[in-house]
Amino acid sequence: VFTKYQFFHWFLEFPEVFTQGGFDCIIGNPPFLGGQKLSGAFGNSFLKFVKYAYKPAGAVDLVTYFFRRIFNILRPNGFQSLVSTNTISQGSAREGGLDVICSKEGVINHAVRSMRWPGDAAVEISLVTIHKGEWSKDIVLDKKKVERITPYLDDSEVLGNPYPLKQNAGKSFIGSYVLGMGFVLSPEEAEVLITKDPRNKDVLFPYLNGEDLNNDPEQKPSRWVINFFDWTEEKARTYPDCFEIVERLVKPERQRWKLDENGNEIVGTYALRKPLPQKWWIYGEKRPALYETISKVDQVMVVPLVSKYTSFDLVPTKIVYMHKLAVILFENFSEFGVLSSTLHNIWCWKNSSTLGAGTLNYSTTDCFETFPFPITLNNKELETVSRKYNSLRKKIMCDNRLGMTKLYNQFHNDRLLEISNLAHFPSNGKEFEKIYGKENFSFLKHLCKYSNNTSIKDACRDILELRELYCKIDISVLNAYGWSDISLKHDFYEVDYLPENDRVRFTIHPNARKEILRRLLLLNHEQYSKEQESLPSKQNRRIKIKNDQSFIDLFSDV
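See the structure below:
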């Protein structure tokens with residue numbers, strides 16, 4: 128094992144250091160390797176070991192374990208100063224890394240939250256220095272003196288982490304992991320199958336993915352998918368046209384995969400739970416709870432799990448959602464307004480992780496289940512403005528053939544007002560690009576090519592109106608919480624957790640953001656505490672469990 132993996136043993140290599148209590152200082156650039164890739168690189172036993180040795184860290188980036196290990200081998204009042212991926216302060220990596228270190232007398236006294244890697248790799252990194260023990264000197268975050276640096280690599284008040292709330296349980300889901308491109312069809316292929324035998328429509332569904340939501344102006348599913356639910360093979364075979372496709376294209380691929388020691392399928396570096404290769408006609412993750420729950424409603428809210436912007440949309444339920452989508456069991460416009468607001472957006476960026484530079488990895492567990500909604504959402508003002516916002520957004524996208532990402536690029540364009548007020552546009556494209564930049568020139572060319580019924584100025588003014596409605600949504604949501612004393616001051620600001628070359632956003636003032644996050648966290652703790660108080664006492668729970676078991680035993684022979 129040592130020859131194969133070349134593991135390093137600190138105590139054997141530096142016995143003289145540990146007789147003195149540990150290292151005075153360790154400076155380094157630990158390796159980066161995504162958590163799900165660890166078992167593929169070093170084996171499942173290694174992953175099990177680090178998860179056990181560095182609890183509560185789960186399958187996180189390898190750099191997180193290095194942070195923990197290096198802190199352990201420092202002497203009291205020692206330092207570690209390390210380069211890391213910027214995910215070190217996010218989600219489970221933060222909880223298993225910096226949270227633990229700070230709870231064991233570690234003090235972060237210097238950090239650069241996010242900067243571009245100076246080499247060729249397109250990676251955003253963090254620089255973090257930690258002192259082991261009390262620290263009374265300057266603390267510097269992003270070249271500014273601050274009172275503290277938290278495990279989130281910000282200077283907010285330390286109030287702890289949010290809790291999952293019972294009120295949000297069972298309302299958010301991840302879409303289906305079909306696990307086999309043979310299930311997926313073009314609309315034309317699906318139409319041929321339905322024309323041949325109308326019964327095929329029972330197992331053919333539109334298939335919505337994140338790219339459809341982000342890039343298609345109409346946000347319609349671009350593909351269809353065969354779905355045999357959790358049926359037996361015998362039942363699936365009663366649809367021979369569709370079954371033949373899956374048997375021909377999916378079965379060989381599925382049955383080539385190996386199983387890990389727990390009987391789970393290994394796909395690349397990932398291990399998935401059932402179905403086993405023998406059930407190749409069934410999705411890798413069927414999500415039966417999702418489809419059973421949404422069968423009672425006509426529409427739900429969806430958001431791409433990986434996206435530059437957290438943009439929710441309302442979509443119908445008679446479709447299959449890809450595993451790259453989060454599905455929220457909400458369907459009214461007050462709830463849409465809250466999720467679309469800056470308040471939820473900044474909560475997501477605070478408590479979730481990123482995937483690449485400036486791309487949010489939306490987590491239903493960390494973003495939605497912990498989010499403390501206002502006590503009442505029966506808000507006519509919020510419903511009205513949210514409905515107008517959604518309607519205008521769809522109009523802009525359709526009229527100008529803009530996908531969601533391109534639309535929000537212009538929503539956050541700090542020169543859009545200037546362009547909309549131009550008396551005329553320069554006839555020379557290079558001249559326009561030189562004055563207003565490449566992004567604005569590309570937008571101008573797109574509008575000239577695709578705008579149907581609107582002029583360029585009309586398109587710009589529609590987006591400016593969308594901003595105004597967005598501000599009204601934020602104010603309405605703020606009022607729903609009873610926090611009208613906070614001045615939002617919407618404008619263009621640099622957002623420190625975004626990449627250096629793309630930090631300007633139309634958003635609320637940094638001071639308002641900090642205060643709202645503080646109040647949301649306090650409200651989360653308050654709502655969680657009330658939910659815990661309402662739970663039965665341990666004695667009552669034991670009685671309930673005993674009674675439930677007696678009921679089961681009573682009918683065990685039936």
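Quick note: the sequence shown uses the numbering used here, first residue 128, plus one each step. Each residue gets a CB set at the ideal place from its N, CA and C atoms; glycine is no exception. Treat the numbers as computed from the prediction; the structure is a model and nothing was measured.
For residue i and residue j, I'd like the C-alpha separation in whole angstroms.
i	j	result
N295	G246	43 Å
I643	I635	10 Å
F176	I200	18 Å
C152	F134	21 Å
G205	A186	28 Å
L209	R243	15 Å
E380	H450	19 Å
E371	F355	12 Å
I409	A586	46 Å
F552	R528	21 Å
Q405	R364	15 Å
V144	E462	58 Å
L591	I583	13 Å
L647	F300	23 Å
S303	E338	15 Å
G297	K445	19 Å
G609	I421	32 Å
N651	K533	34 Å
Y489	S216	15 Å
Q537	L543	7 Å
S518	L593	10 Å
G161	D188	4 Å
C575	R350	29 Å
E560	R630	21 Å
F347	L335	The sequence shown places Lys at residue 347, not Phe. Taking the straight line joining both Cα atoms gives about 7 Å.
Q659	E653	10 Å
N505	G464	12 Å
Let's test the definition: count the other Cβ atoms within 10 Å of the Cβ of residue i and tell me whether it reaches 16, buried, or not, exposed.
i	result
S434	buried
D612	exposed
G287	exposed
T396	Because T396 sits at a pLDDT of 40, beneath the cut-off of 50, its placement in the model cannot be relied upon, and the point is left open.
L549	exposed
N213	buried
L366	According to the sequence shown, residue 366 is Tyr rather than Leu. Its Cβ being crowded by 16 or more others within 10 Å, Y366 is buried.
K616	exposed
V319	exposed
V285	exposed
K507	exposed
F138	exposed
N555	exposed
Q147	exposed
I154	exposed
E251	buried
V255	buried
N540	buried
K117	Missing from the structure shown is residue 117; the chain here goes from 128 to 685 and no further.
L225	buried
E140	exposed
T191	buried
H136	exposed
Y597	buried
R383	exposed
P183	exposed
A607	buried
With residue i and residue j assumed to form a contact (beta carbons below 8 Å), what rounded beta-carbon distance in angstroms separates them?
i	j	result
V239	S219	V239 to S219, Cβ: 22 Å. No contact.
P314	G530	The Cβ separation is near 19 Å, so there is no contact.
P499	L292	7 Å
I257	Q207	5 Å
S468	D601	5 Å
Y279	K477	7 Å
V604	L470	5 Å
G485	L625	5 Å
Can you determine whether any heavy atom of the ligand PLP sits closer than 8 Å to the C-beta of residue i, and answer yes or no?
i	result
F552	In the structure on display, the ligand PLP does not appear, and there are no ligands present to speak of.
**Prompt:** Counting Cβ pairs closer than 8 Å, one from the region 455-465 and one from the region 492-509, do we hit at least three?
**Reply:** yes
**Prompt:** At a cut of 8 Å, does the region 521-530 reach the region 326-335 through at least three beta carbon pairs?
**Reply:** no
**Message:** Under 8 Å: do the region 228-238 and the region 261-278 share three or more Cβ pairs, one atom per stretch?
**Reply:** yes
**Asked** Is the region 417-430 in contact with the region 559-572, if contact means three or more CB pairs nearer than 8 Å?
**Response** no
**Prompt:** Does the region 293-312 come close enough to the region 369-377 that 3 or more CB-CB pairs lie under 8 Å?
**Reply:** yes
**Item:** Ordered list of beta strand (DSSP E) runs contained in the region 144-174, each at least 3 residues
**Value:** 150-155
**Asked** Taking the runs of the alpha helix (DSSP H) that are 4 residues or longer, which of them lie wholly in the region 548-586?
**Response** 556-563 and 565-577
**Prompt:** If we count Cβ pairs, one from each stretch, closer than 8 Å, do we get three or more for the region 409-426 versus the region 347-361?
**Reply:** yes
**Entirely enclosed beta strand (DSSP E) segments - the region 266-327, minimum 3 residues** = 299-301
**Request:** Please go through the region 496-537 and give each complete beta strand (DSSP E) segment of 3 or more residues, from N-terminal end onward.
**Result:** none
**Asked** Where are the beta strand (DSSP E) runs, 3 residues long or more, that stay fully inside the region 175-250, in chain order?
**Response** 201-212 and 233-243
**Contiguous beta strand (DSSP E) assignments of at least 3 residues, all confined to the region 578-641** = 618-621 and 631-634
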